[in-house]
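Undergrad: Quick note on numbering: the first sequence equals residues 704 to 1127 in my numbering.
Yeah, the Cβ is synthetic: ideal placement off N, Cα and C, and Gly gets one too.
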Amino acid sequence: MLNLRFIQDNPELVIEKLKKKNFDATEIVSQISDLYKKKNEIQSQADQFKSEMNKLSKEIGQLFREGKQEEANNAKARTSELKENIKKLDDDFAKIDEQVFDLQVQLPNIPAEIVPAGKTPEDNLNIKQEGEIPELGENKLPHWELAAKYDLIDFELGVKLTGAGFPVYKGKGSRLQRALINFFLNEAEKAGYLEIQPPLMVNEDSGFGTGQLPDKEGQMYHVTEDNLYLIPTAEVPVTNLYRDVIVDAKDLPIKNTAYSACFRREAGSYGKDVRGLNRLHQFDKVEVVQVVKPETSYEVLDEMVAHVEGLVQKLGLPYRILRLCGGDMSFTSALTYDFEVYSAAQEKWLEVSSVSNFESFQANRLKLRYRDEQTKKPAIAHTLNGSALALPRILAALLENNQTAEGIKIPEVLVPFCGFDVIK
RNA sequence: GGAGAGAUGGCAGAGUGGUCGAAUGCGGCGGUCUUGAAAACCGUUGAUCUUCACGGAUCCGGGGGUUCGAAUCCCUCUCUCUCCGCCA
704 MLNLRFIQDN PELVIEKLKK KNFDATEIVS QISDLYKKKN EIQSQADQFK
754 SEMNKLSKEI GQLFREGKQE EANNAKARTS ELKENIKKLD DDFAKIDEQV
804 FDLQVQLPNI PAEIVPAGKT PEDNLNIKQE GEIPELGENK LPHWELAAKY
854 DLIDFELGVK LTGAGFPVYK GKGSRLQRAL INFFLNEAEK AGYLEIQPPL
904 MVNEDSGFGT GQLPDKEGQM YHVTEDNLYL IPTAEVPVTN LYRDVIVDAK
954 DLPIKNTAYS ACFRREAGSY GKDVRGLNRL HQFDKVEVVQ VVKPETSYEV
1004 LDEMVAHVEG LVQKLGLPYR ILRLCGGDMS FTSALTYDFE VYSAAQEKWL
1054 EVSSVSNFES FQANRLKLRY RDEQTKKPAI AHTLNGSALA LPRILAALLE
1104 NNQTAEGIKI PEVLVPFCGF DVIK
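1) Which residue marks the beginning of the beta strand (DSSP E) containing Y945, and which one marks its end?
2) Taking the alpha carbon of A1100 as the reference point, which residue from V818, K1127 and Q1049 has its own alpha carbon closest?
3) In or out: L897 buried (at least 16 other Cβ within 10 Å) or exposed?
4) Keeping to the same chain, check which residues put their C-beta closer than 8 Å to that of T1035; ignore five residues upstream and five downstream.
5) If you reduce the DSSP assignment to three classes, tell me which class Q832 lands in.
6) If you draw a straight line from the alpha carbon of L721 to that of P814, how long is it in whole angstroms?
7) Between L766 and the rest of its own chain, which residues show a CB-CB distance below 7 Å, the 5 nearest in sequence each way excluded?
8) On the premise that F796 lies in contact with A679, defined as a C-beta separation below 8 Å, what is that separation, rounded to the nearest angstrom?
9) Between the alpha carbons of N829 and C1028, how many angstroms are there, rounded?
10) Alpha carbon to alpha carbon, what distance is there between Q746 and R1023?
11) Please state whether DSSP places N930 in a helix, a strand or coil.
12) Could you tell me which uninterrupted alpha helix (DSSP H) segments, each at least 4 residues in length, are contained entirely in the region 1036–1084, listed from first to last along the chain?
13) Would a C-beta distance cut-off of 9 Å place I789 and K753 closer than the cut-off?
14) Cutting at 6 Å between CB atoms, please list the residues of its own chain near T927, excluding the five before and the five after it.
15) Indicate whether V991 and A851 have their beta-carbon atoms separated by less than 9 Å.
16) If you follow the beta strand (DSSP E) that G1013 is part of, which residue opens it and which one closes it?
17) Can you tell which of I799, Y853 and I731 has its C-alpha closest to the C-alpha of E1109?
18) Can you list the alpha helix (DSSP H) stretches of 4 or more residues lying completely in the region 873–942, in chain order?
19) For E1054, collect the residues of the same chain with a Cβ closer than 6 Å to its Cβ; drop the 5 residues on either side in sequence, then sort them by chain order.
20) Rounded to a whole number of angstroms, what is the C-alpha to C-alpha distance between E784 and Y739?
21) Distance check for N743 and L888, CA to CA, integer angstroms please.
22) Leaving out five residues on either side along the sequence, give the residues of the same chain with a beta carbon under 6 Å from the beta carbon of D826.
23) Please state whether the Cβ-Cβ distance between I951 and Y1073 is less than 9 Å.
24) Can you tell me the Cβ-Cβ gap for L844 and I1097, rounded? I've got them flagged as a contact below 8 Å.
25) Helix, strand or coil: how does DSSP classify D857 here?
26) Since I957 and Q993 are thought to touch, with beta carbons under 8 Å apart, how far apart are those beta carbons, to the nearest angstrom?
27) Which residues does DSSP list as the beta-bridge partners of T960?
28) Just how far apart, CA to CA, sit M756 and E762?
29) Grab me the residues of S1000's own chain with a C-beta within less than 7 Å of its C-beta, minus the 5 sequence neighbours each way, in chain order.
30) Rounded to whole angstroms, what's the CA-CA distance from K953 to A780? Just pull it up for me.
31) Span of the alpha helix (DSSP H) holding R768?
32) Can you tell me where the beta strand (DSSP E) holding I1024 begins and where it ends?
33) Who are the near neighbours of N885 in its chain, counting only those whose CB is closer than 8 Å to its CB and skipping five residues on each side?
34) Measuring CB to CB, does G874 end up less than 9 Å from G868?
Right, dumping it as structure tokens:
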């Protein structure tokens, strides 16, 4: 959420910058501006009345204590008008405050200067591509067929138990999942991240803090009986650890990592691209989250991108890094880098990580602040996160790219974790 | 699931209608002392909105009510704890 004061002080800037996200903020910004002025007028008026009221109440108390009943009762008579005025102003204030808030949450985050203009994924900027794309020959199989051939994943069983998008991993498939999770967590710990095991369900406040709520509840599974949401990513509980917190500047940066199952309804997705592991309702992911001082957040973003790059390199997967264009970025992000790995049998790039700087957008919602060393005053922190990494598409690419006549070769870095170097 | 208790500042904990943004202790910060540190002593120490500033307003779990006046009384919701039951 953008800071109200900032919107008020820089209306033109906000409108101009949001154009890059293909968002016309003109109407909302002007409404906010009007309401904000009205809000302030009401507040200062109400504050005056309240001030008077407070003074009067004290006087009345004093008179009673002095036993001056009559004078006190006279004074009382004057309060009713004040009370009425205050009530009316408070009601108006609450109404306008709510209106402003409703408008405020509709504004997406301002994209960073270097975000490319554009509307669709085609407009994303390919900033790097590395790794060799394997030649698999005629007999190559897509991962869903490999999964069946080697009995690693049973998609039909998942349908029986739950529905499409809830695969059942078996044997070496299951072992491989576990190996990937451990590998990713270990790498994150080596990079200085503290491991967290968060709850898999969160309340509404948490959903709001990271930007899933309001308006995007359709993407999450909702446990209606208890009004809880299944997390779409560990970003939600982990970032919300710092909701309503003022951290010491000396404790920054905060670096957390978490493995979690992730649940996404993926409402609206259909047809192509959802085969096999490409798009699931439940999947596993290791996430990294940082809370940092504002002046360091872009440096930290680069650091996180480098971390994720190290992972795909160690797994030996061909990858590319995209700087997302304004139209493809999330509502909450200021700058996002996507990682895609090449899945050689499907012959397509699969997104496996998204690393973003949210600047103060989430922190504003979270009321996540740090105490500035100089001023000793609370200041809004910056938050970042990234997948490091999401498992299913990594697994898909590993299976497809490493298939040979002798079986599927396992990357060396995973062997200590899974205990085999080939799936036959 | 049943019964009871409770929610106050970073923490512990007092306050049960006015002088309470809130005692006290711990912690934090600054200082005195010290070669340095510890101890001791002194001082200081919440957030938000608003104002150029002085100042003003709001906040004692959330919402509503009573009252001239609410941390304190009433209603309601949420959450936490204890005991019992069930249970990985």
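TA: Let's see:
1) Counting from 1 along the first sequence, the entry for residue 945 is found at position 242. That residue, Y945, is in no beta strand (DSSP E); it is neither H nor E in DSSP.
2) Taking the first residue of the first sequence as 1, we reach residue 1100 at position 397. It is Q1049 whose Cα lies nearest to the Cα of A1100.
3) Taking the first residue of the first sequence as 1, we reach residue 897 at position 194. Answer is exposed; the Cβ neighbour count stays below 16.
4) In the first sequence, the residue the question calls residue 1035 occupies position 332. Excluding residues within five positions, the ones whose Cβ falls inside 8 Å are P811, N812, T913, G914, S1059, F1061, F1064 and Q1065.
5) Position 129 of the first sequence, counting from 1, holds the residue named residue 832. Strand, per DSSP.
6) For the purposes of this step, residue 721 is taken as the residue at position 18 of the first sequence. For the purposes of this step, residue 814 is taken as the residue at position 111 of the first sequence. Each residue's Cα considered, the two are about 7 Å apart.
7) As a first step, residue 766 must be located in the first sequence, where it is residue number 63. Closer than 7 Å at the Cβ level, and outside the excluded window around L766, lie E774, A775 and A778.
8) As shown, the chain starts at 704 and ends at 1127. That puts residue 679 outside it, with no answer to give.
9) Within the first sequence, residue 829 is the residue found at index 126, counting from 1. Within the first sequence, residue 1028 is the residue found at index 325, counting from 1. When rounded, the distance between both Cα atoms is 10 Å.
10) Taking the first residue of the first sequence as position 1, residue 1023 is located at position 320. Taking the first residue of the first sequence as position 1, residue 746 is located at position 43. Using only the alpha carbons, I get a separation of about 53 Å.
11) Taking the first sequence and counting its residues from 1, the one referred to as residue 930 is at position 227. In the structure shown, N930 sits in coil (DSSP, three-state: anything other than H, G, I, E or B).
12) 1064–1069
13) What you label residue 789 is simply residue 86 of the first sequence in a count that begins at 1. What you label residue 753 is simply residue 50 of the first sequence in a count that begins at 1. Contact flag set, yes.
14) Position 224 of the first sequence, counted from the first residue, corresponds to residue 927. Nothing meets the Cβ criterion.
15) In the first sequence, residue 991 corresponds to position 288, counting from 1. In the first sequence, residue 851 corresponds to position 148, counting from 1. No. Outside cutoff.
16) One-based indexing of the first sequence puts residue 1013 at position 310. Looking at the DSSP string, G1013 is not in any beta strand (DSSP E); the run it does join, the alpha helix (DSSP H), is S1000 to K1017.
17) Locating residue 1109 in the first sequence gives position 406, where the first residue counts as 1. Comparing Cα positions, the closest option is Y853.
18) 874–893 and 907–913
19) Here residue 1054 refers to the residue found at position 351 of the first sequence. Here the set comprises D1041 and E1043.
20) Within the first sequence, residue 784 is the residue found at index 81, counting from 1. Within the first sequence, residue 739 is the residue found at index 36, counting from 1. If you take the alpha carbons of E784 and Y739, they lie about 27 Å apart.
21) Here residue 888 is taken as the residue at index 185 of the first sequence, counted from 1. Here residue 743 is taken as the residue at index 40 of the first sequence, counted from 1. Those two C-alpha atoms are separated by around 49 Å.
22) Against the first sequence, residue 826 aligns to sequence position 123. Cβ within range, chain order: C1028.
23) Mapped onto the first sequence, residue 951 falls at position 248. Mapped onto the first sequence, residue 1073 falls at position 370. Ile is not the amino acid found at residue 951; the sequence shown has Asp there. Yes, they are a contact pair.
24) As a working mapping, residue 844 is identified with position 141 in the first sequence. As a working mapping, residue 1097 is identified with position 394 in the first sequence. No, L844 and I1097 are not in contact; Cβ-Cβ is about 18 Å, not under 8 Å.
25) Mapped onto the first sequence, residue 857 falls at position 154. The answer is strand: DSSP assigns D857 an E or B state.
26) Looking up residue 957 in the first sequence gives position 254. Looking up residue 993 in the first sequence gives position 290. With a Cβ gap of about 6 Å, I957 and Q993 count as contacting.
27) Within the first sequence, residue 960 is the residue found at index 257, counting from 1. In the DSSP output, where bridge partners are listed per residue, T960 has E898 and V991.
28) By 1-based counting over the first sequence, the position of residue 756 is 53. By 1-based counting over the first sequence, the position of residue 762 is 59. So the alpha carbons of these two residues sit roughly 10 Å apart.
29) Counted from its first residue, the first sequence places residue 1000 at position 297. So the list reads N1060, E1062, H1085 and L1087, once near-sequence residues are dropped.
30) Along the first sequence, one-based indexing puts residue 953 at 250. Along the first sequence, one-based indexing puts residue 780 at 77. The alpha-carbon atoms of K953 and A780 are separated by roughly 55 Å.
31) As a first step, residue 768 must be located in the first sequence, where it is residue number 65. Note, R768: alpha helix (DSSP H), T729 to R768.
32) As a working mapping, residue 1024 is identified with position 321 in the first sequence. Y1022 to R1026 is the extent of the beta strand (DSSP E) around I1024.
33) One-based indexing of the first sequence puts residue 885 at position 182. Cβ within range, chain order: F1120.
34) Residue 874 sits at position 171 when you count from the first residue of the first sequence. Residue 868 sits at position 165 when you count from the first residue of the first sequence. No.
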